[in-house]
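The structure appears below as C-alpha cells.
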Amino acid sequence: LFPYTTLFRSRPDAPAMMSGHGGAMGGGASAAPTVQKMDPPTGGLSVADVIAKKAALSGKSVTVRGTVVKFNGGIMDRNWLHIQDGSGSADAKTNDLTITTDAEVKVGDVVTMTGIVGTGKDFGAGYAYDVILEKATAK
-5 LFPYTTLFRS RPDAPAMMSG HGGAMGGGAS AAPTVQKMDP PTGGLSVADV
45 IAKKAALSGK SVTVRGTVVK FNGGIMDRNW LHIQDGSGSA DAKTNDLTIT
95 TDAEVKVGDV VTMTGIVGTG KDFGAGYAYD VILEKATAK
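Here the sequence shown stands for residues -5 to 133, numbered as in our numbering.
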C-alpha cells in the first residue's frame, strides 16, 4: 500500500495557541495567583506549621489562612482547594495545603478555613495526602 516511510513520517508541528485560550488540555487554565506572605489567623497556624506538626494535629480542629491557588468543585460530594500563605518551601513540599469544604471559593481568593487535620489519606486513583484539612468551613 504505502511505503513504510510514508506511514511513520513525522508531521509538522501544530501551530501555537493564541493568547487568551486555555492550555492544551482545555478548561481555560490561567497563571497561578501571586501568593503574599501572610501571618496565620489569630489562634491559627501557618500552612508550613500544619504540615510540620501533622502527627500531633491529626484529628484536631485547625484554622489556617491563605491564597487559593487551585479549586476543583463537586468531586466526591465536596469542593477541593489548595491554599498557600507564603510559608514553607515548594522544594520541601511544605508550602501547599489541600482542603475539602462545602464553601465556594475562587482561585486568587484569600480565605480563612477551619477544619479537621487528616493524615495518611488515600482516596484511590493516585490521590493520596500525607496531610489534608477536611470538612473545613470558611470564616
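Don't be surprised by glycine CBs; every beta carbon is placed ideally from N, CA and C. None of these values were measured; they are calculated from a predicted model.
Buried or exposed by the 16-neighbour rule on C-beta atoms within 10 Å, applied to Gln78: By the neighbour-count definition (other C-beta atoms within 10 Å, threshold 16), Gln78 is a buried residue.
Where Ile126 sits in the DSSP three-state scheme: DSSP places Ile126 in strand when its eight states are reduced to three.
Inter-residue spacing [alpha-carbon to alpha-carbon] between Val44 and Met107: Taking C-alpha positions only, Val44 is separated from Met107 by approximately 13 Å.
Terminal residues of the alpha helix (DSSP H) in which Lys115 lies: Run containing Lys115: none in the alpha helix (DSSP H); it sits in the beta strand (DSSP E), Val104 to Asp116.
Cβ neighbours of Lys115 in the same chain (closer than 6 Å, five flanking residues each side left out): These residues qualify, in order along the chain: Tyr123 and Ile126.
Distance between Thr113 and Ser83 (C-alpha atoms, nearest Å): Take the alpha-carbon of Ser83 and the one of Thr113: they are about 19 Å apart.
Straight-line Cα distance separating Pro35 from Tyr121: Just so you know, the alpha carbons of Tyr121 and Pro35 end up roughly 28 Å apart.
Cβ distance (whole Å) where Val104 is taken to contact Thr61 below 8 Å: Yes, they are in contact, since the Cβ atoms of Val104 and Thr61 sit about 5 Å apart, within 8 Å.
As assigned by DSSP and simplified to three states, the class of Val44: Reduced to three states, the DSSP call for Val44 is helix.
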